[in-house]
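Contents: one structure, followed by commentary.
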Amino acid sequence: MKNNKVWEILRPYVMIGPAMIGIFLFVIYPMIYLLYLSFFKYNLLNSAMSKYIGFSNYIQIFSREDFYKSLLNTVIYTGGVVTLTMLISLLIAVWLSKRTRMNYIVQAGIFTPHIISIVSVSLVWLWMMEPNLGFLNYVLESLGLPPSQWLQSSKTALFSIIIVSVWHGIGYYVLILVAALQGISPNIYEAAALDNTSKFRVFHRITLPLISPQMFFILIIMTIGSFKVFDTVRIMTGGGPNNATNTLVYYIYGFRTTNIGYAAATGVVLMAIIGILTIIYFWLLSRKVHYQ
Amino acid sequence: MASIEFVNVTKEFEKKEIIKDLNLRIEDGKFTVLVGPSGCGKTTLLRMIAGIGPQTSGSVLLNGKDISNIAPGKRGVAMVFQNYAIYPTMSVRENIEFGLKNNKVNKIERKKLVESISEAVGLSEYLGRKPSTLSGGQRQRVALARAMVKQPSVFLMDEPLSNLDAKLRAQMRIDLIELHKKLGTTFVYVTHDQVEAMSMADTIVLMNQGLIQQEAPPEEIYHEPNNIFVAQFIGTPPMNIGELGVDGVRFGFRPESVTASTEPVESPFTLQGEVTTREMLGSETLYQIRYKETSFMIKSLIDKFSVNQKIHIGVNSDKLYFFADDGDRIHKDHIHYRDYFEALRGY
Amino acid sequence: MKKYNIWLSLDYILKAAVLLSFVFPFIWMISTSLQTFEETIKIPPTIFPSSPQWINFVDAMSSGPFVTYAKNSVIITSSIIIIQFLVMIPAAYAFAKYDFAGKKILFGMVLIAFMMPGQVTFIPIYLMMADWGLIKTLVPQILPFMSNAFGIFLLRQYFMQIPEEIIEAARLDNASEFKIVWKIMTPMAKPALATIALFSFVSHWNDYFWPLVMTDTNEVRPLTLGIAMLKQSEGISNWHIIMAGNVVLVVPILIVYLLCSKHIVKAFVYSGIK
């Protein structure tokens with residue numbers, strides 16, 4: 004009888020045990036370990052030879068131009084992707100929000116890239132953006148427009164990557180916004196129509212506020228997601244040309260074997276950025292719950 | 014077969030006492046109905062018997078043995094839930110069989126039991142169906158069959174009829190009474206509906222705010238209520254209550270024990286009032302009578318009185334009740350009973 | 010009325026154009042994969058190859074150990090999904106239905122795991138795996154994903170909606186907690202589990218970053234890395250071969266999507282507005 008009681012107290016811990024071990028081992032502990040590593044000059048071949056160097060790695064980070072360059076690239080990339088995705092997905096969502104067969108097909112089509120590997124997407128666009136033989140320049144030329152160097156010029160490379168990322172991800176956000184728009188009670192629109200409200204006003208004063216929770220969700224999720232951009236950069240440009248597309252994660256990746264301590268310190272910076280964004284996210288989430 | 018006994022049980026929810034020091038004995042083989050308004054603690058008692066909401070302190074005895082430390086599945090009790098709690102992903106047969114399988118009943122025995130029980134409740138042709146394809150009444154039967162198949166010594170039912178429509182509910186009441194007769198086991202039935210309590214119970218346990226107000230057979234609860242709460246809870250419309258104006262004492266009489274007439278009536282308690290509303294129920298008619306500042310409901314076989322008409326009503330002395338200022342009944346042997354009775358004549 | 014019709018057809022044409030801009034790259038990919046080298050360098054670009062060059066697929070697949078890559082992808086993805094289910098279901102149940110000391114803090118850790126990406130933690134995890142001598146196995150690509158925080162979160166929400174009465178009924182039916190979880194709760198949570206499995210499948214089948222940083226040898230690399238490496242092994246100009254490899258990576262997922270797009274779309278929306 005006594006064993007039973009003990010088991011009843013232990014049972015929840017046993018049930019969450021494996022999950023918590025996984026989380027501790029592969030999330031919590033690595034976060035701490037990363038912080039620890041960032042204070043060392045780490046020797047990959049013989050970790051016993053690693054040397055504690057205090058804040059040197061951090062001092063180095065904030066005095067190196069290539070770090071600022073990659074941070075700036077990441078911020079520009081994030082700003083570009085988030086702004087473009089928000090605007091275009093909102094536009095398309097409003098346009099496709101009626102429940103018709105055609106709209107459903109277009110939504111499904113727009114969503115398709117989202118479930119395709121970023122490797123495939125990057126390779127296809129790399130080929131599309133090929134300056135001499137690629138399809139995009141062919142279209143530009145046949146429209147009488149000047150061709151672009153796309154990924155091969157430091158002026159246009161980052162923007163090209165932004166285009167690919169928006170194209171890849173936008174379908175998901177369209178779906179979420181369409182669901183949000185369809186969730187608005189038609190009574191509200193009917194009431195607005197009876198009040199003789201203009202279309203623009205309805206959108207600005209009724210639709211937009213009602214879908215703002217989803218807009219916040221998209222904003223934060225996308226910002227966090229964009230800060231860890233890597234795959235497109237690695238496959239399409241390799242950070243080039245001339246570091247024009249070198250982003251934070253790609254920067255860390257570049258040092259992962261040559262200077263682990265330094266890479267770890269940069270990882271801590273990324274962790275801090277994501278941590279702050281997460282806190283903002285949960286803060287907004289709790290406020291949203293509070294209002295309901 | 015089993016009797017159940019609560020000994021000084023207390024139940025707390027988040028530091029709030031729902032039930033305090035309650036003692037109750039439920040007789041073996043009886044159909045006992047726990048009735049009361051929502052939040053009175055009736056379901057809490059039922060869950061204690063089942064073991065799915067154990068008491069904070071005190072003990073629950075089954076056949077004189079403390080079962081506080083026995084797992085719900087090993088107590089030999091079965092329960093029918095308000096929302097049936099049918100396993101939605103299992104077929105009707107699997108639902109009924111689940112408990113037997115857990116109790117390691119062998120396959121042949123299981124098949125025999127499931128078939129005889131489903132025959133008894135009229136589910137034979139639905140055994141292969143999923144619950145989502147069944148009607149409300151059929152789901153109710155699945156829940157019942159699932160309880161019956163375990164051949165429990167105690168049947169617990171938590172408002173099992175509340176999700177059925179009125180017609181089906183009336184039918185199920187009769188079915189349950191018959192089932193109880195046939196099985197002869199202890200039934201403990203929880204409801205907030207006094208009609209269900211009156212029609213099915215051998216013993217009614219009427220509760221309010223965690224306290225037992227009265228524990229008696231239906232007739233006694235109806236005719237001899239312990240206090241105002243019981244008097245007003247049982248019967249529709251509830252007992253009329255008026256201020257006597259002496260010692261804070263109140264008097265009461267049931268709407269159906271009134272004699273009404275256009276002529277003055279000969280009774281210890283009479284008054285002349287004006288009909289303010291009239292509801293025709295069929296065999297009877299319900300009138301609201303206005304007298305001075307108060308209103309009384311009366312139920313009469315006569316349906317010819319009309320609104321605004323002045324009528325006389327009277328109540329016989331054995332149909333009059335008196336209650337003290339704390340709500341408790343003042344019985345005939347009370348030293349001031351005659352005084353109060355006389356006071357009423359001058360009402 | 011007439012004006013209205015013009016608007017309506019304009020609307021249709023515009024929608025078709027938008028649809029095309031999202032579908033065309035895939036068409037071009039498939040088209041290129043069936044062209045000869047000469048066709049790929051022609052201007053204007055070829056859309057319909059004169060005769061489909063199936064040999065491109067053979068060339069692509071023989072340029073590296075693609076059987077190994079494909080096998081690795083299947084093993085990694087299926088192991089992750091199975092392990093995640095075994096780990097996630099009891100955890101989500103405990104978080105949803107039990108009260109225990111430290112629950113809030115422990116669930117907070119789940120949320121941290123939900124937000125913290127592998128791009129932050131990959132260096133320490135690589136070092137750990139190297140320490141344990143596991144870099145030459147598939148373990149580094151499977152084990153770190155054993156706890157699906159998103160799945161625990163979603164499934165917990167789902168379990169919380171299941172009425173307590175069903176669990177109590179099962180307890181009265183003498184079912185052990187183990188049986189309640191696997192025989193009653195799990196079947197009831199099928200829609201949520203399907204969503205989670207789909208998510209897990211798509212993200213791990215497609216994953217590029219994690220295998221890239223966790224592997225040093227071809228023996229343990231999955232399909233995504235193999236295809237991405239075609240770019241180096243085939244040289245930048247052999248687009249017909251690269252696209253052929255790409256088709257091999259895309260087509261399985263595309264078929265799954267075409268077959269149950271409605272369900273997939275629903276799953277993604279569901280997870281987005283939880």
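Residue numbers (this note's numbering), protein chains in the order written: chain A, 4 to 295; chain B, 14 to 360; chain C, 10 to 283.
The C-beta atom is built at its ideal place from N, Cα and C for all residues, glycine as well.
Treat the numbers as computed from the prediction; the structure is a model and nothing was measured.
Test: residue i CB closer than 8 Å to a CB of chain C
i, result
"G57 (chain A)", "no"
"Y61 (chain A)", "no"
"A182 (chain A)", "yes"
"V109 (chain A)", "yes"
"K120 (chain B)", "no"
"K231 (chain A)", "yes"
"G86 (chain B)", "yes"
"N253 (chain B)", "no"
"P101 (chain B)", "yes"
"M61 (chain B)", "no"
Residue span of the alpha helix (DSSP H) that contains residue i, given as start and end
i, result
"Y202 (chain B)", "Here Y202 (chain B) belongs to no alpha helix (DSSP H); instead the beta strand (DSSP E) covers T199 to T204."
"V211 (chain C)", "K199 to W214"
"Q63 (chain A)", "S59 to I64"
"H236 (chain B)", "P231 to H236"
"R182 (chain B)", "A179 to L196"
"N49 (chain A)", "It is not in any alpha helix (DSSP H) - N49 (chain A) carries neither H nor E in the DSSP assignment."
"T226 (chain A)", "L211 to F230"
"F335 (chain B)", "No alpha helix (DSSP H) holds F335 (chain B); the beta strand (DSSP E) holding it covers Y334 to F336."
"A160 (chain A)", "A160 to Q185"
"N65 (chain C)", "I64 to S71"
Rounded C-alpha distance that separates residue i from residue j
i, j, result
"E173 (chain C)", "M61 (chain B)", "15 Å"
"W37 (chain C)", "V256 (chain C)", "11 Å"
"N253 (chain B)", "S274 (chain B)", "18 Å"
"I326 (chain B)", "I80 (chain B)", "55 Å"
"N176 (chain B)", "A160 (chain B)", "18 Å"
"N49 (chain A)", "Y100 (chain B)", "59 Å"
"G127 (chain C)", "W219 (chain C)", "7 Å"
"L280 (chain A)", "L163 (chain C)", "21 Å"
Buried or exposed by the 16-neighbour rule on C-beta atoms within 10 Å, applied to residue i
i, result
"E276 (chain B)", "exposed"
"D182 (chain C)", "buried"
"I191 (chain A)", "exposed"
"G258 (chain B)", "exposed"
"K283 (chain C)", "Unreliable positioning characterises K283 (chain C) in this predicted model, as indicated by a pLDDT of 43, which lies under 50. The coordinate reading is nonetheless provided below. Flag for K283 (chain C) reads exposed."
"D171 (chain B)", "buried"
"Q44 (chain C)", "buried"
"T240 (chain A)", "buried"
"L202 (chain C)", "buried"
"G248 (chain B)", "buried"
Contact list for residue i against chain C, beta-carbon separation under 9 Å
i, result
"Y141 (chain A)", "I52, P53 and P54"
"F42 (chain A)", "In chain order: nothing, as chain C lies at least about 13 Å away."
"R259 (chain A)", "F131, I132, Y135 and V222"
Continuous beta strand (DSSP E) stretch holding residue i: start and end
i, result
"E297 (chain B)", "Where E297 (chain B) is concerned, there is no enclosing beta strand (DSSP E), given that its DSSP letter is neither H nor E."
"T307 (chain B)", "T307 to S313"
"S70 (chain B)", "S70 to L75"
"V90 (chain B)", "V90 to V93"
"I32 (chain B)", "K29 to I39"
Beta carbon proximity, residue i to chain A, threshold 8 Å
i, result
"I121 (chain C)", "yes"
"F162 (chain C)", "no"
"M238 (chain C)", "no"
"V274 (chain C)", "yes"
Under 9 Å from the C-beta of residue i: neighbouring residues of chain B
i, result
"E186 (chain C)", "Those within 9 Å of E186 (chain C) in chain B number zero; the least Cβ separation is about 10 Å."
Chain B contact for residue i (CB, 8 Å cutoff)
i, result
"E47 (chain C)", "no"
Proximity test, residue i beta-carbon vs the ligand MN heavy atom, cut-off 7 Å
i, result
"D338 (chain B)", "You won't find the ligand MN in this model; it holds no ligand whatsoever."
Contact set between residue i and chain A, taken where Cβ atoms lie within less than 9 Å
i, result
"A100 (chain C)", "M18, I19, G20, P21, A22 and M23"
"P149 (chain C)", "Neighbours of P149 (chain C) on chain A: none; closest Cβ ~10 Å, over 9 Å."
Contact list for residue i against chain C, beta-carbon separation under 7 Å
i, result
"S92 (chain A)", "Under the 7 Å cutoff, chain C gives no residues; its nearest Cβ is about 12 Å from S92 (chain A)."
Chain-ordered neighbours of residue i on chain A, where CB pairs are closer than 7 Å
i, result
"Q62 (chain C)", "Neighbours of Q62 (chain C) on chain A: none; closest Cβ ~16 Å, over 7 Å."
Neighbour list for residue i in chain A, Cβ cutoff strictly below 8 Å
i, result
"F57 (chain C)", "Simply none; closest approach about 14 Å."
Closer than 9 Å, Cβ to Cβ, to anything on chain F: give me those residues from the stretch 14–29 of chain B, in chain order. The structure shown has no chain F; the protein chains it does contain are A, B and C.
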